[in-house]
Amino acid sequence: VQLQASGGGSVQPGGSLRLSCSASGSAFSMGWYRQAPGKQRELVARITNGGTITYTDSVKGRFTISRDNGKNTVYLQMNSLKPEDTAVYYCNARRLTLSHVTDYWGRGTLVTVSS
Numbered sequence: 043v044q045l046q047a048s049g050g051g052s053v054q055p056g057g058s059l060r061l062s063c064s065a066s067g068s069a070f071s072m073g074w075y076r077q078a079p080g081k082q083r084e085l086v087a088r089i090t091n092g093g094t095i096t097y098t099d100s101v102k103g104r105f106t107i108s109r110d111n112g113k114n115t116v117y118l119q120m121n122s123l124k125p126e127d128t129a130v131y132y133c134n135a136r137r138l139t140l141s142h143v144t145d146y147w148g149r150g151t152l153v154t155v156s157s
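At the far end of the sequence shown sits residue 157, using the numbering used here, and the numbering has no gaps.
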């Protein structure tokens, strides 16, 4: 599965950005991770093909993940952005078999929140 992400950029605190990621094939779940300088990569939000959504606590109420299964595309609407949201955001797609989990990663897109 190949992933192509878009939508990063620079915004002032309180602003909004929308990330998009298209996959070349289907996946059990798609989502976004982020990695800030000097920190480990962390899950931001994930949505399964059945619509189950997970958010990390720090983005609840501000970020919304959605998915178009027909287009194998996932979106992340980010509102009320804070400087601590600054990071490289990575799209993820996960495929499952009975015995195996395979993660696919897109190239990161930089989100900078600064005044």
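In this text, a Cβ means the ideal position worked out from N, Cα and C, and glycines have one as well.
Given the structure is predicted, the values throughout are model-derived calculations rather than measurements.
Residue i burial status per 10 Å Cβ neighbour count (16 or more: buried)
| i | result |
| --- | --- |
| T151 | buried |
| D145 | exposed |
| G93 | exposed |
| D99 | exposed |
| D110 | exposed |
| R149 | exposed |
Secondary structure of residue i, DSSP reduced to three states
| i | result |
| --- | --- |
| G80 | coil |
| T154 | strand |
| T144 | strand |
| Q44 | coil |
| A69 | coil |
| G56 | coil |
| G51 | strand |
Candidates the options: closest to residue i by CA position
| i | options | result |
| --- | --- | --- |
| M120 | I107, G112, A129, K113 | I107 |
| P79 | K102, V143, P125, S58 | P125 |
| L61 | S48, T128, L123 | S48 |
| V130 | R88, R83, S156, R104 | R83 |
| S122 | A87, G51, L45, G56 | G56 |
Start and end residues, beta strand (DSSP E) containing residue i
| i | result |
| --- | --- |
| R149 | Where R149 is concerned, there is no enclosing beta strand (DSSP E), given that its DSSP letter is neither H nor E. |
| S64 | 59 to 65 |
*In chain order, which alpha helix (DSSP H) runs of at least 4 residues are fully inside the region 82 to 132?*
none
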